[in-house]
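Numbering (our numbering), first residue to last: -3 to 401. Positions of the beta carbon are idealized from the N, C-alpha and C atoms, including for glycine.
Here is the structure:
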């Protein structure tokens, strides 16, 4: 049985342990139930943008072919007329032989590069090896499995060079000889698969990488905005790519899009824009506005944008939603919910210490979510919010000088 002193000591220990948890709980409750919320004003670039569905039109020809295909060139790679782009396998064993042959070629090339350590030192090789290992772990963690092989090879290359540099091995001639022997066996098992050649010069896209648009630019030019909108909504003219794929014969392509008549006002006096395809081809590309056709009765507009950039991600598209960026603005970004109008003036409330202070703003651009104001704000001018101010985006009964609980 515990003595009274032991009981008192137990209670004191329990109180001491509970005090920090109680304090954190009170603070968390106060934060969660605080009647206001702030957001830091940060420097930001915003663009006047438009999202629109449409067709991507390329000068393209289909590549004939059928069966169990293996591709010998990468998507988006430039090929000449007659270049072999794929081959047809008679069975799975032949396909595996090609895959094995490609892997052996990579390993042989890796060993040849490993023996070239000129101009490097141990510290540099250690950094290369460490960086390659971190890249490999990051890709595994983020499930970027398509990039794992490349990073693994980079790590192996650095490790092999380290062995040469530190004298653990003199060369990799024995390993190369063994790989060359395996390569000869794989070539014998592969035999001579039927070849598929590019019918024209251009940029190759494999059949399993996207759809094919049968509409031509001439056919789309004849559609009014409503007809084009209906075709896009029904995905008319879009079908799985037949044969072995396609060759895009020109680096110039066009986007035929539809927007509302009101949205088309963004195109007024605009000739140059930027275009991207969120979630599919993220790179922002410079483009030229070729035409805008507005039909007031339909409340719609058809527009055509020309671009002269090609990449595998874009060339694989046939119908997509484009983001068209017009003028860009630089300034300080504020959540649109923070905006208040007091005595006819636009402004926000900023937290200084435990006080809410009214600050006027001069908006240079805004959308549904954010406002962009001029940089270099100064109290006493038409634009008083400064970089890194804590702007109150949610709060009740806000007024200048109010004490914030």
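**Message:** Which same chain residues end up closer than 7 Å to residue 171 when comparing Cβ atoms and leaving out the 5 residues on each side of it in sequence?
**Reply:** Residue 171 sits at position 175 when you count from the first residue of the chain shown. Closer than 7 Å at the Cβ level, and outside the excluded window around residue 171, lie 107.
**Prompt:** Pick from 258, 318, 82, 144: whose alpha carbon is nearest that of residue 194?
**Reply:** The count along the chain shown starts at 1 and reaches residue 194 at position 198. Cα-wise, what sits closest to residue 194 is 82.
**Start-to-end residues for the alpha helix (DSSP H) that takes in residue 156** = One-based indexing of the chain shown puts residue 156 at position 160. Run containing residue 156: 144 to 161, per the alpha helix (DSSP H) assignment.
**Item:** CB contact flag (residue 237, residue 227, <8 Å)
**Value:** As a working mapping, residue 237 is identified with position 241 in the chain shown. As a working mapping, residue 227 is identified with position 231 in the chain shown. Result no, Cβ atoms of residue 237 and residue 227 do not sit closer than 8 Å.
**Request:** Give the DSSP-derived three-state secondary structure of residue 419 in the structure shown.
**Result:** In the structure as shown, the chain starts at -3 and stops at 401, and residue 419 therefore has no counterpart that could be examined.
**Message:** Among the candidates 111, 301, 261, whose CA atom is the shortest distance from the CA of residue 163?
**Reply:** For the purposes of this step, residue 163 is identified with residue 167 of the chain shown, where counting begins at 1. Here the closest residue by C-alpha is 111.
**Prompt:** Taking C-alpha atoms, which residue in 51, 117, 318 lies nearest to residue 214?
**Reply:** Against the chain shown, residue 214 aligns to sequence position 218. Looking at the Cα atoms, 51 is the closest of the given residues.
**Message:** Please tell me whether residue 73 and residue 200 are closer than 8 Å, where the distance is taken between their beta carbons.
**Reply:** Taking the chain shown and counting its residues from 1, one reaches residue 73 at position 77. Taking the chain shown and counting its residues from 1, one reaches residue 200 at position 204. Against a cut-off of 8 Å, the Cβ pair of residue 200 and residue 73 comes out as a contact.
**Prompt:** Buried or exposed: which applies to residue 132, given that a residue is buried once 16 or more other Cβ atoms fall within 10 Å of its Cβ?
**Reply:** Here residue 132 corresponds to residue number 136 of the chain shown, with the count starting at 1. Residue 132 should be labelled buried.
**Alpha-carbon spacing of residue 263 relative to residue 182, whole angstroms** = Within the chain shown, residue 263 is the residue found at index 267, counting from 1. Within the chain shown, residue 182 is the residue found at index 186, counting from 1. Those two C-alpha atoms are separated by around 58 Å.
**Asked** How is residue 130 classed by DSSP in three states: helix, strand or coil?
**Response** Counting from 1 along the chain shown, the entry for residue 130 is found at position 134. Residue 130: helix per DSSP, three-state reduction.
**Member of 37, 31, 45, 62 whose CA lies at the smallest distance from the CA of residue 259** = The residue labelled residue 259 in the question sits at position 263 within the chain shown. The residue with the shortest Cα to Cα distance from residue 259 is 45.
**Request:** Jot down the residue ranges of each uninterrupted beta strand (DSSP E) in the segment 334 to 364, minimum 3 residues, whole runs only, in chain order.
**Result:** 336 to 338, 341 to 348, 351 to 356, 359 to 362
**Request:** Compare the beta carbon distance of residue 222 and residue 319 with 8 Å and say whether it is the shorter of the two.
**Result:** Mapped onto the chain shown, residue 222 falls at position 226. Mapped onto the chain shown, residue 319 falls at position 323. Not in contact: residue 222 and residue 319 (Cβ atoms no closer than 8 Å).
**Message:** Which residue wins for smallest C-alpha separation from residue 359, given the options 351, 336, 352, 58?
**Reply:** Counting from 1 along the chain shown, the entry for residue 359 is found at position 363. Looking at the Cα atoms, 336 is the closest of the given residues.
**Message:** So within the segment 194 to 270, which uninterrupted alpha helix (DSSP H) runs reach at least 4 residues, ignoring any that extend past its ends?
**Reply:** 213 to 217, 221 to 229
**Request:** Determine the DSSP secondary structure at residue 22, reduced to helix, strand or coil.
**Result:** Residue 22 sits at position 26 when you count from the first residue of the chain shown. Note on residue 22: pLDDT 49, under 50, position unreliable in the model; the coordinate value appears next. DSSP, reduced to helix, strand and coil, places residue 22 within a helical segment of the structure shown.
**Prompt:** Ordered along the chain, which non-local residues of its own chain (more than five positions away) have a Cβ less than 8 Å from that of residue 384?
**Reply:** Stepping through the chain shown from its first residue, residue 384 is reached at position 388. Exclusion of the five residues before and after residue 384 leaves 36, 37, 38 as the residues of its chain whose Cβ lies within less than 8 Å of its Cβ.
**Asked** Apart from the five residues just before and just after residue 75, which ones in its own chain have a Cβ nearer than 8 Å to its Cβ?
**Response** For the purposes of this step, residue 75 is taken as the residue at position 79 of the chain shown. These residues qualify, in order along the chain: 69, 81, 194, 197, 198, 199, 200, 243.
**Request:** Assign residue 125 to buried or exposed, taking buried as 16 or more other Cβ atoms, counted over all protein chains shown, within 10 Å of its Cβ.
**Result:** As a first step, residue 125 must be located in the chain shown, where it is residue number 129. By the 10 Å Cβ count, residue 125 comes out buried.
**Request:** Please report the residue range of the beta strand (DSSP E) in which residue 318 lies.
**Result:** The count along the chain shown starts at 1 and reaches residue 318 at position 322. Segment 315 to 331, the beta strand (DSSP E) holding residue 318.
**Request:** My understanding is that residue 347 touches residue 388, with C-beta atoms under 8 Å, so please give their C-beta distance in whole angstroms.
**Result:** Within the chain shown, the letter at position 351 stands for residue 347. Within the chain shown, the letter at position 392 stands for residue 388. About 6 Å; that satisfies the 8 Å criterion.
**Message:** I need the DSSP call for residue 45, collapsed to helix, strand or coil.
**Reply:** What you label residue 45 is simply residue 49 of the chain shown in a count that begins at 1. Under the three-state reduction of DSSP output, residue 45 falls in the strand class.
**Request:** Please classify residue 151: is it buried, with 16 or more other beta-carbons within 10 angstroms of its beta-carbon, or exposed?
**Result:** Position 155 of the chain shown, counted from the first residue, corresponds to residue 151. By the neighbour-count rule (16 or more Cβ atoms within 10 Å), residue 151 is buried.
**Asked** So what's residue 383 in DSSP terms, helix, strand or just coil?
**Response** The residue given as residue 383 occupies position 387 in the chain shown. In the structure shown, residue 383 adopts coil according to DSSP, grouped into three states.
**Asked** With C-beta atoms as the reference, is residue 287 less than 8 Å away from residue 273?
**Response** In the chain shown, counting from the first residue as 1, residue 287 sits at position 291. In the chain shown, counting from the first residue as 1, residue 273 sits at position 277. Going by C-beta atoms, residue 287 is not nearer than 8 Å to residue 273.
**Asked** Mapping DSSP to helix, strand and coil, what is residue 394?
**Response** Taking the first residue of the chain shown as position 1, residue 394 is located at position 398. Reduced to three states, the DSSP call for residue 394 is coil.
**Request:** Excluding the 5 residues preceding and the 5 following residue 42 in the sequence, name in chain order all residues of the same chain whose CB lies nearer than 6 Å to its CB.
**Result:** Working through the chain shown from its first residue, we reach residue 42 at position 46. Result list for residue 42: 325, 361, 368, in chain order.
**Of the residues 344, 356, 86, the one placed nearest residue 33, counting alpha carbons only** = Looking up residue 33 in the chain shown gives position 37. Selected option, being the one with the closest Cα: 344.
**Cβ pair residue 277, residue 310 closer than 8 Å** = What you label residue 277 is simply residue 281 of the chain shown in a count that begins at 1. What you label residue 310 is simply residue 314 of the chain shown in a count that begins at 1. Cβ distance < 8 Å, so residue 277 and residue 310 count as in contact.
**Member of 104, 161, 186 whose CA lies at the smallest distance from the CA of residue 88** = Position 92 of the chain shown, counting from 1, holds the residue named residue 88. The option with the nearest alpha carbon to residue 88 is 186.
**Message:** For residue 130, count the other beta carbons within 10 Å of its own beta carbon; 16 or more makes it buried, fewer makes it exposed. Which is it?
**Reply:** Within the chain shown, residue 130 is the residue found at index 134, counting from 1. By the neighbour-count rule (16 or more Cβ atoms within 10 Å), residue 130 is not buried but exposed.
**Asked** Using the rule of at least 16 other Cβ atoms within 10 Å of the residue's Cβ for burial, across every protein chain shown, is residue 380 buried or exposed?
**Response** In the chain shown, residue 380 corresponds to position 384, counting from 1. Buried.
**Asked** Using a Cβ-Cβ cut-off of 8 Å (strictly less than) and excluding sequence neighbours within five positions of residue 281, which residues of its own chain qualify?
**Response** Mapped onto the chain shown, residue 281 falls at position 285. The residues are 270, 271, 272, 303, 305, 310.
**Prompt:** Near residue 149, which residues of its chain fall below 8 Å by C-beta distance, leaving aside the five closest residues on each side in sequence?
**Reply:** Numbered from 1 along the chain shown, position 153 holds the residue referred to as residue 149. Same-chain partners within the cutoff: 102, 106.
**Prompt:** Buried or exposed: residue 31, going by 16 or more other Cβ atoms within 10 Å of its Cβ?
**Reply:** In the chain shown, the residue the question calls residue 31 occupies position 35. The residue in question, residue 31, is exposed, as its Cβ has fewer than 16 Cβ neighbours within 10 Å.
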